[in-house]
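In what follows, a structure is listed as structure tokens, so that the remarks can point back to it.
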Amino acid sequence: MSETRLETQALSRHFGALRAVQGIDFKLAAGARHALIGPNGAGKTTFINLLTGVLPPSEGRVLLSGRDITSTVQAERVKLGIARTFQINRLFRGLSVLENVCMAMAERAGAAGSMFYPAGRRTDIIDEAMGLLQTLKLADVARHRVSELPYGRQRLVELAITIGLKPEVLLLDEPAAGVPSAESHIILDAIERLPEDIAVLIIEHDMDVVFRFAKRVTVMVSGAVFAEGTPREIEADQRVREIYLGQAVAGTHHG
Amino acid sequence: MSKRTIAALAAAAATALTASGAMTSQALAQEVKVGMILPYTGVGAEIAQQMDRGMEQYLKLNANEVKPYKITIIKRDSKAPNGAASKIDAQELLTQDKVDVLAGWVYSPDAIAAAPVVTAGKRLAVIMNAGTSFITNLSPYFVRTSFTLWQSSYVMGDQAAKYMHAKTAVVAYTDYPPGKDALAGFKTAFEKAGGKVIDAIPAGGPEATPDFTPFFQRAKDDHPDVLFVFVPAGDQATAVVKTYAALGMKAAGIKLVGTGDIVPDNKLQAMGDIAVGLITVHHYNADLANPQNKAFKASWYKTYGANATPPDFTSTGAYDGMAAIVHAVKATKGKIDDGAAAVKSLEGWKFASPQGPIMIDPQTRDIVMNEYLDEVVKGSDGKLHEKVLVTVPDVKDQCKMLGIGPCAAKK
Amino acid sequence: MNFVADFAGILLGGLAAGTVLFIVSVGLSVTMGLMGFVNLAHGAFAMFGGYIIVLAMNRAHFGFGVALALGFIATAALSIVLERTLYRRLYRGGELDQVLFTIGLIFIFIATLIIVVGPESQTLQLPPALAGQLNLGLLYYRTYSVFLIVIGLLIALGIWLTFERTRIGGQIRATVDNRRMAESLGIDVDRLFTITFAFGSGMAGIGGGLGAEFLGLDPQYPLKYLVYFLIAVSVGGLGSVIGVYYASLILGVLDFVLTLYLPKGGTIFIYILTILILLARPQGLLGRKEL
Amino acid sequence: MSVVAPPASAAAPTAGIESAAARMLMRRHRVRWWETLPWLAGIAFYFAAPDYLGFGCDLLVTILFALSLDLALGYAGIITLGHAAFFGVGAYTIGMLATYNVWTEPITSLLLAAIAAGAVGFLSGLVLLRTTGLTLLMLTLCTMTLLYEAANMGAAYTGGFDGLPSLPIGPVFGVFEFNPLYADTQYLFALAVLFGCFVFVRTLVYSPFGQSLTGIRENVLRMHAIGSPVRRRLIVCYTISAALAGIAGALSAQTTAFVNLAVLGLDRAATVLIVLILGGYGRLYGAFIGAVVYLALEHFLAQLYPTAWQLGLGLLLVLISLFARNGILGLGETLWRRFGPRRDTP
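So the sequence lines, in the order shown, correspond to chains V, H, B and Z. Quick note: the first sequence uses the working numbering, first residue 472, plus one each step. Quick note: the second sequence uses the working numbering, first residue 831, plus one each step. Quick note: the third sequence uses the working numbering, first residue 509, plus one each step. Quick note: the fourth sequence uses the working numbering, first residue 80, plus one each step.
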């Protein structure tokens, strides 16, 4: 098997009495296509926040390529190659699509700190950004303010920004959430065309998406890993069907 | 009733004329342009109105004094007391409006900031209110017809010891230059006369009215014979007197004294009986009995209505200032734009003002005047009045006399 | 013994001062918490009410109570007009536009007052019943301060009960916590805004009158005391009535005690206190959410 | 701050219509013809209105002050009501140096003022920039007031409310004396300083650093998520802004040869905020428009109606806030978008 990119050991997070995440041991291999599913409130997003360093864990460790990053702050983890999208868009709504992507790339390239020459001279960054937009079929709206785009394409920008960070590990928090099904395919296409070597962890309610995309699936229930396996195995797992799939299938209709 | 309205209208018309005179200078008589720098907006607006009225009354009552000259007043707003606006006003009045005289200045910083301009402009500049002592040292063209805090507070300190036989005093003062001057003036005289200032309490800033309770409570705990207070005339004064009464300090045998600022003419009635018996020193109060003041007041109420804010020391400062300007105009045969000559003509100038006889000190170009030790009494008319207990004549600015700090005349 | 009495006096003074601050500021806290509207012109409504009250007493010779009622009604009415015509256009606008708007409003209030009433400051003539001293056993203290403290307590209780017990109170709390949620629950937020705004301004109006004894009353009022209102609101916590009450009293009393023993400190304490409190609790003492 | 050298500009970017967007970004920082107008106007004013130069200095100082605020408020979205703190520190640096005859050479004094104000900005930024919104507003306001009170307590040295009179300011380049009556030298000096500072700020806002500030204003959480050291950026920005405000204050002390407590007052802080919002924040030129409109209106209205001019000013502010989003420049842009030459995007 290929080596592990991201790993957690006995990772836990408590909010007072609430045990949002408890004792999760989890491995994400290089180039993985891994789905994280589970009923609402199962702690999926909290788990992502622990991986990205938005929240410090109550117990346990997080390792990136074998290196302990438990106490590394969010910004640093991004530099180390962990990028994420948000369940709800977090974009620079007042700026153009191109600027949104350039912002991320400038940070990645370590240019964003420099003060004494115009950003416009970093043609390397701008060209790279345009290239990315073209592959994501966003080039035609590159000049538009993000706030003027339909929601589906805004989600795409959300994705573009994270791809622009050239991550080793990409965490997608319900990338198609809130996107009308008519548009959702543009997101999924984009996800499928992600570079092979990126390890991708996707939180998703829509089972069609999960089965179409994931090679492995982890089921989380009330903060703990409930089951893990290939999509086939998960689908076949009786316990999962009982406590999860039923409501999730229901979920797809308004997902 | 209707008569008064007419009078008021007439006055209004007159003002309008003098004001608009700036634009339409179709003057048959020689026109003398006076640039007036006052805070027409902001915290000083009330004072500016009182001073405008003071000047207006002088010109009204002495119309034939002024002839054949025609005084044109050009008003400029000095806005917030930060010096900047005042300085620009002075520059533009001199360079654009080509005024012959500068005048006004309620707040000392505004006069101080304008000093270099005044010096460079070589025009007479009459300070009609600003009270910081050393201002007149900053330019040879400054002449002051208002007051310095040293004058009233020094006399108060002296009288507190000699007339009221006080041995110990506590001073509470607004924490800005006039307050500090008042403290210094009172302390110097009081201790020279054998008294002792046992505590000095800075009591808040000049703008927002603080609650004086904690300050006065502290003063009360010190058990002095007198509590000398300086606050800017206005709401703060009312608050001072009320707090003094509220804390029962009178009963505790502590007499409240101060400069006239704590019993301003326009607040006296509002204070009510609790003010009765207060002893203060000032160079003017609306009840002064001299003929000039009688005429002044009569015309004042005739013009602005019986319920108008009574005239006060800021009004007379402006009244006397206008008198000084008119004198300089006549003494220089209209060549008042020669600042040096204008100033010279005012050195030693004497004038019978509503506040009594005044003179401009030839050495310091500062005013020399009577200070009155007043007591608040309830009149037969049920209103409160100021009764003069002692008149101290020819009071000079002690800060300059004693050459303290920046007051020391620059040689 | 004597010390105890004096100290009690200081406490009463501080409480009275704090109460005035509370009565004027509480409206601001609710409207800012509820609408997220930065209404710097709040003090202008206090001034307006104060003028109505003082002029009603000094010129029209109304009784104190009547004048207060008049002040409340007039201010509330004016605020409704302004809210309906102008304020609501800016609810969606950025807070900086709101700052510009309310500052402009302050200028208009000030200039209009100077033109109509004149620049001179107004003095409140207390009714004889409130003017004197009151025997509190331990000490004599000015009746009016005691009166204020009681009134303030009643107002705080009244508003608190309205918030906790009544339907509209519940709606207000819900809206402060989460406006979208409230709207989705079918609460008529617009109506709610108008009502609270009118009430808050009316309270400010009364505060302007009641406080005139201590704060004075002149056209500069809205600018002079703006900072104190903002301090009370931010320290108390946006949208929290009880928070503002505590904050006002605490600041009032501490300021008094500190100035008594360290007069050289001048007015500096209230600012130091505010900084310390806000650094420790950015959302204010009882604030529900980040300011 | 890592200063990455720009690579030799790569060959023409991706072809096609799309690259219009790229070209827009690459050209955005270039100087447009109309950007020379303010400076031409500034020079024209010198010859056209020799009697108004005192007012002119006040105007230039206010523009610079508003510009410094724009960097913090308009670009980084740091909401502050205490910016006069730095203006005051700068002004008092000049005041102290001059009064006690330590140093009166104008240009180097400006630098010293900038350093002093920048230091205060850095220290307060370290503590305060953890908060946001009303809390930050109140904290900046209270910090400024603390400095005010401190200056009042030290009145023996600062001159307090009465201020430090008749500051001796050395001649510029040891040749050009300041003129108290016609402020001509002061005006040109102030204009030059403003130009220098403006060029600096302009470079800054178009630099990658400036872009990241905009990012922080637009969505701080996203900035964290793309690995941006947000807090450090904010502190750096705040420090620079403070230093510029310090220069503005110093300039005002030099041109008026006077400084008193008011330089640290809420009055000053509120006015500059109004000026900036009125002109339009996050726009560079909002500071210019706002200052000119506000001060000119105030100055000339006050000459016509000394007692009632605030009414007109108030009306203007209310109207702008009601009918323009983001000040006069914002209004201009809206109109341009609606009636200007048609473009496929705003």
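Every residue gets a Cβ at the ideal spot worked out from N, C-alpha and C, and that includes glycine. Just so it is clear, the structure is predicted and the values come from calculations on it, not from any experiment.
Worksheet item: Given residue 857(H), which residues of its chain have a CB within under 7 Å of its CB, disregarding the five upstream and five downstream residues?
Response: Within the second sequence, the letter at position 27 stands for residue 857(H). Reliability of the predicted coordinates at residue 857(H) is poor, the pLDDT of 43 falling under 50, and no value is obtained from them.
Worksheet item: Looking at the C-beta of residue 663(V), does it have a partner C-beta in chain Z at a distance below 8 Å?
Response: The sequence position of residue 663(V) within the first sequence is 192, counting from 1. No, because no Cβ of chain Z sits closer than 8 Å to the Cβ of residue 663(V).
Worksheet item: Shorter than 8 Å from the beta carbon of residue 504(B) to some beta carbon of chain Z?
Response: This structure does not reach residue 504(B), given that chain B is present from 509 up to 799, and the question cannot be answered.
Worksheet item: How long is the line joining the alpha carbons of residue 711(V) and residue 705(V), rounded to whole angstroms?
Response: As a first step, residue 711(V) is located in the first sequence; it is residue number 240 there, counting from the start. As a first step, residue 705(V) is located in the first sequence; it is residue number 234 there, counting from the start. Spanning the two alpha carbons is a distance of roughly 7 Å.
Worksheet item: Do residue 371(Z) and residue 139(Z) have their C-beta atoms within less than 8 Å of each other?
Response: Your numbering for residue 371(Z) matches position 292 in the fourth sequence. Your numbering for residue 139(Z) matches position 60 in the fourth sequence. Taking 8 Å as the Cβ cut-off, residue 371(Z) and residue 139(Z) do not qualify as a contacting pair.
Fill in: Unbroken beta strand (DSSP E) run spanning residue 698(V), endpoints
Counted from its first residue, the first sequence places residue 698(V) at position 227. Counting along the chain, the beta strand (DSSP E) containing residue 698(V) begins and ends at 695-700.
Fill in: Closer than 9 Å at the beta carbon, the chain B residues around residue 1181(H)
Indexing the second sequence from 1 puts residue 1181(H) at position 351. Per Cβ cutoff of 9 Å: no residues; residue 1181(H) is ~28 Å from chain B at best.
Worksheet item: Looking at the unbroken alpha helix (DSSP H) that takes in residue 939(H), where does it start and where does it end?
Response: Stepping through the second sequence from its first residue, residue 939(H) is reached at position 109. Segment 938-951, the alpha helix (DSSP H) holding residue 939(H).
Practice prompt. Alpha carbon to alpha carbon, how far is residue 634(B) from residue 645(B)? Give it in angstroms, no decimals.
Written response: Taking the third sequence and counting its residues from 1, one reaches residue 645(B) at position 137. Taking the third sequence and counting its residues from 1, one reaches residue 634(B) at position 126. So the two alpha carbons sit approximately 24 Å from each other.
Discussion item. At the level of alpha carbons, what is the spacing between residue 418(Z) and residue 111(Z)?
Written reply: Counted from its first residue, the fourth sequence places residue 418(Z) at position 339. Counted from its first residue, the fourth sequence places residue 111(Z) at position 32. So the alpha carbons of these two residues sit roughly 21 Å apart.
Discussion item. Runs of 3 residues minimum, wholly inside the segment 481-522 of chain V: which ones carry the beta strand (DSSP E) assignment?
Written reply: 489-500, 504-508
Worksheet item: Using a beta-carbon distance below 8 Å, is residue 241(Z) in contact with chain H?
Response: Within the fourth sequence, residue 241(Z) is the residue found at index 162, counting from 1. Closer than 8 Å to some Cβ of chain H, the Cβ of residue 241(Z) qualifies, so yes.
Worksheet entry | Whole runs of the alpha helix (DSSP H) within the segment 970-1005 of chain H, excluding any shorter than 4 residues | 979-992
Worksheet item: Looking at the C-beta of residue 519(V), does it have a partner C-beta in chain Z at a distance below 8 Å?
Response: As a first step, residue 519(V) must be located in the first sequence, where it is residue number 48. Using a Cβ-Cβ cut-off of 8 Å, residue 519(V) does not count as an interface residue toward chain Z, since no Cβ of chain Z sits closer than that to its own.
Discussion item. Tell me the rounded alpha-carbon separation between residue 477(V) and residue 526(V).
Written reply: Start at 1 with the first residue of the first sequence, and residue 477(V) comes out as number 6. Start at 1 with the first residue of the first sequence, and residue 526(V) comes out as number 55. Roughly 17 Å separates the two Cα atoms.
Worksheet item: What residues from chain B crowd round residue 233(Z), counting only those whose CB sits closer than 8 Å?
Response: Here residue 233(Z) refers to the residue found at position 154 when the fourth sequence is read from its first residue. Residues of chain B passing the Cβ test: none, with the nearest at roughly 12 Å.
Discussion item. Does the contact criterion of 3 or more C-beta pairs under 8 Å hold for the segment 643-651 of chain V versus the segment 666-676 of chain V?
Written reply: yes
Worksheet item: Do we get a CB-CB distance below 8 Å when we pair residue 533(B) with the residues of chain H?
Response: Indexing the third sequence from 1 puts residue 533(B) at position 25. It does not; no Cβ of chain H falls within 8 Å.
Worksheet item: Can you tell me the Cα-Cα spacing of residue 855(H) and residue 888(H), whole angstroms?
Response: For the purposes of this step, residue 855(H) is taken as the residue at position 25 of the second sequence. For the purposes of this step, residue 888(H) is taken as the residue at position 58 of the second sequence. Reliability of the predicted coordinates at residue 855(H) is poor, the pLDDT of 42 falling under 50, and the value obtained from them is presented with this limitation in mind. If you take the alpha carbons of residue 855(H) and residue 888(H), they lie about 21 Å apart.
Worksheet item: In angstroms, rounded to a whole number, what distance separates the CA positions of residue 851(H) and residue 894(H)?
Response: Locating residue 851(H) in the second sequence gives position 21, where the first residue counts as 1. Locating residue 894(H) in the second sequence gives position 64, where the first residue counts as 1. For residue 851(H), the predicted structure reports a pLDDT of 43, less than 50, and the residue's modelled location is therefore unreliable. The matter cannot be settled from this model.
Worksheet item: Any idea what DSSP makes of residue 1064(H), helix, strand or coil?
Response: As a working note, residue 1064(H) is residue 234 in the second sequence. Of the three classes helix, strand and coil, the one that applies to residue 1064(H) here is coil, per DSSP.
Practice prompt. Could you give the DSSP three-state label for residue 643(V): helix, strand or coil?
Written response: Counting from 1 along the first sequence, the entry for residue 643(V) is found at position 172. Residue state, collapsed to three classes: strand.
Discussion item. Tell me which residues of the segment 918-941 of chain H have at least one Cβ-Cβ distance to chain Z shorter than 7 Å, keeping chain order.
Written reply: 918, 921, 922, 924, 925, 926, 938, 939
Worksheet item: Listed in chain order, which residues of the segment 286-308 of chain Z have Cβ atoms closer than 9 Å to some Cβ of chain V?
Response: 286, 287, 288, 289, 290, 291, 293, 294, 296, 297, 298, 300, 301, 302, 303, 304, 305, 306, 307, 308
Practice prompt. Starting from residue 261(Z), find everything on chain H with Cβ-Cβ shorter than 7 Å and list it in chain order.
Written response: Here residue 261(Z) is taken as the residue at index 182 of the fourth sequence, counted from 1. What residue 261(Z) touches in chain H: 925.
Practice prompt. Please name the residue in 507(V), 503(V), 592(V) whose C-alpha comes closest to that of residue 290(Z).
Written response: Translated into positions along the fourth sequence, residue 290(Z) becomes position 211. Comparing Cα positions, the closest option is 592(V).
Worksheet entry | residue 927(H) in three-state terms, based on DSSP | Sequence index remark: in the second sequence, residue 927(H) carries index 97 (1-based). Of the three classes helix, strand and coil, the one that applies to residue 927(H) here is coil, per DSSP.
Practice prompt. Have a look at 747(B), 767(B), 763(B) and flag the residue whose alpha-carbon is nearest the alpha-carbon of residue 793(B).
Written response: Against the third sequence, residue 793(B) aligns to sequence position 285. The shortest C-alpha separation from residue 793(B) is found at 747(B).
Practice prompt. Using a Cβ-Cβ cut-off of less than 9 Å, give me the residues of the segment 165-182 of chain Z that come near chain H, in sequence order.
Written response: none
Discussion item. Using beta carbons (cut-off 8 Å, strictly below), is residue 906(H) in contact with chain B?
Written reply: Taking the first residue of the second sequence as position 1, residue 906(H) is located at position 76. No, residue 906(H) lies away from the interface with chain B (no Cβ there is under 8 Å from its Cβ).
Worksheet entry | CB contact below 8 Å: residue 833(H) versus chain Z | Mapped onto the second sequence, residue 833(H) falls at position 3. Low confidence applies to residue 833(H): its pLDDT is 45, below 50, so where it sits in the model is not reliable, and the reading given next is rough at best. Chain Z contact via Cβ: absent.
Worksheet entry | Beta-carbon spacing of residue 659(V), residue 635(V) below 8 Å | Locating residue 659(V) in the first sequence gives position 188, where the first residue counts as 1. Locating residue 635(V) in the first sequence gives position 164, where the first residue counts as 1. Not a contact, by the Cβ cut-off of 8 Å.
Practice prompt. Run through the segment 1151-1199 of chain H for me and flag every whole beta strand (DSSP E) of 3 or more residues, listed as ranges in chain order.
Written response: 1180-1183, 1186-1190
Worksheet item: Which of the three DSSP states, helix, strand or coil, is assigned to residue 648(V)?
Response: Within the first sequence, numbered from 1, the residue matching residue 648(V) stands at position 177. In the structure shown, the three-state DSSP call for residue 648(V) is coil.
Worksheet entry | Contact the segment 168-179 of chain Z vs the segment 151-159 of chain Z: 3+ CB pairs below 8 Å | no
Worksheet entry | Partners in chain Z for residue 1041(H), counting only beta-carbon separations shorter than 9 Å | Within the second sequence, the letter at position 211 stands for residue 1041(H). Chain Z residues near residue 1041(H): none, gap ~18 Å exceeds 9 Å.
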